[in-house]
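What follows is a single structure, written as structure tokens, with notes after it.
Spelled out as structure tokens, the structure:
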């Protein structure tokens, strides 16, 4: 069962109220969305987006008894601005992006996101589109695989693992999560409690799904369709995603620069935002103990402001 991470903190940040219109760009199993829509009441609207059609169907069932309008869209959160506008809204009250892989995806061996259960090496959030992780490592050069492992997984043994993958695929295509995990473990060895394939699986998942590009598009689009005073909350689980969100919000935060000739000038990328807090919020010790998958989560929230220089 998927447990929504930092649910109460996210609700406090987004501050949904009666009649509110909110977009959840990563619907998942609708844990956050259900709570948001309950706060908005019968006059509220939720626009839920997910690349995974199974998630859309799970959410449709999970939200069936909640009052309010539910618009569930099979699509990418990078297209959030277009999707919101196509459904009749020019500006909305809040946006949520939860960048994590859902427990349903992790726990389904056939989806290929994890090596805890052997299954096809797929990793696509939308199984109907794009190339699988097996296709990716079969078709990329050793240099490209190493770059992906280093950039998206921050893997210190990226070159060694990429070399091992290419040597293994010469003996036959790597088709399963177990086969890839064994190849990585043989190349990198065991170092501590964490499985040596953890970073490799993260990197390949992010590459196969274009997660960083999608996140940047979602940040731009989400901020674009927020009304002044609207809130934008983003939950991340990987340091690369968190840095991307942090830098994006920082670029849109109004800051003052002193001029050599005296005086100062306001600098920021439009539209402007106000950060709800200077540092990311992390789960409480109690939540991390109850839900170990929440341990690496970080929540950053910004409020769009009507600011002109």
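In my numbering, the protein residues as written are 74 to 382. Glycine included, C-beta positions come from ideal geometry on N, C-alpha and C. Note that this is a predicted model, so its numbers are computed, not measured.
So what does residue i bridge to, in DSSP terms?
i	result
residue 96	120, 168
residue 187	DSSP, once it has assigned bridges, lists no residue as partnering residue 187.
residue 205	Answer by DSSP bridge pairing: none, since residue 205 is not bridged.
residue 146	122
residue 305	168, 375
residue 354	372
residue 249	193
residue 299	165
Give me, in chain order, the residues of the same chain whose beta-carbon lies closer than 8 Å to that of residue i; leave out the 5 immediate sequence neighbours on both sides.
i	result
residue 285	225, 279, 313, 314, 317
residue 158	298
residue 142	117, 118, 119
residue 172	99, 284, 288, 307, 308, 309, 310, 311, 314
residue 370	78, 79, 173, 308, 309, 310, 355, 356
residue 211	242, 246, 247
residue 281	196, 197, 203, 204, 205, 206, 209
Taking just the CA atoms, how far does residue j sit from residue i?
i	j	result
residue 338	residue 331	6 Å
residue 115	residue 161	18 Å
residue 257	residue 273	8 Å
residue 94	residue 252	46 Å
residue 222	residue 77	28 Å
residue 146	residue 249	30 Å
residue 324	residue 292	12 Å
residue 208	residue 229	24 Å
residue 155	residue 372	25 Å
residue 329	residue 336	10 Å
residue 153	residue 144	13 Å
residue 220	residue 358	35 Å
residue 277	residue 254	12 Å
residue 295	residue 131	24 Å
residue 204	residue 149	16 Å
residue 213	residue 342	37 Å
residue 377	residue 191	45 Å
residue 366	residue 334	52 Å
residue 128	residue 201	13 Å
residue 340	residue 319	17 Å
residue 109	residue 275	29 Å
residue 227	residue 103	30 Å
residue 259	residue 353	36 Å
Give the DSSP-derived three-state secondary structure of residue i in the structure shown.
i	result
residue 328	strand
residue 344	coil
residue 361	helix
residue 338	strand
residue 136	coil
residue 267	coil
residue 349	coil
residue 153	helix
residue 109	helix
residue 380	coil
residue 255	helix
residue 76	coil
residue 310	coil
residue 212	helix
residue 174	coil
residue 198	coil
residue 230	coil
residue 280	helix
residue 235	helix
residue 290	helix
residue 104	helix
residue 128	helix
So, for residue i: in the same chain, excluding its five sequence neighbours on each side, which residues have a beta-carbon less than 6 Å away from its beta-carbon?
i	result
residue 375	305, 322, 346, 348
residue 112	89
residue 364	76
residue 232	219
residue 151	287, 290, 291
Between which residues of its own chain and residue i is the CB-CB distance below 7 Å, once the five residues before and five after are set aside?
i	result
residue 241	247, 256
residue 105	77, 80, 83, 97, 169, 171
residue 380	327, 345
residue 263	269
residue 140	114, 115
residue 261	230, 233, 234, 269
* Should the stretch 155-169 be called in touch with the stretch 293-306, which here means at least 3 C-beta pairs below 8 Å? -> The stretch 155-169, when compared against the stretch 293-306, does touch it at the 8 Å Cβ threshold.
* Asked: Are the stretch 228-236 and the stretch 187-197 in contact at 8 Å, needing three or more beta carbon pairs?
  -> no
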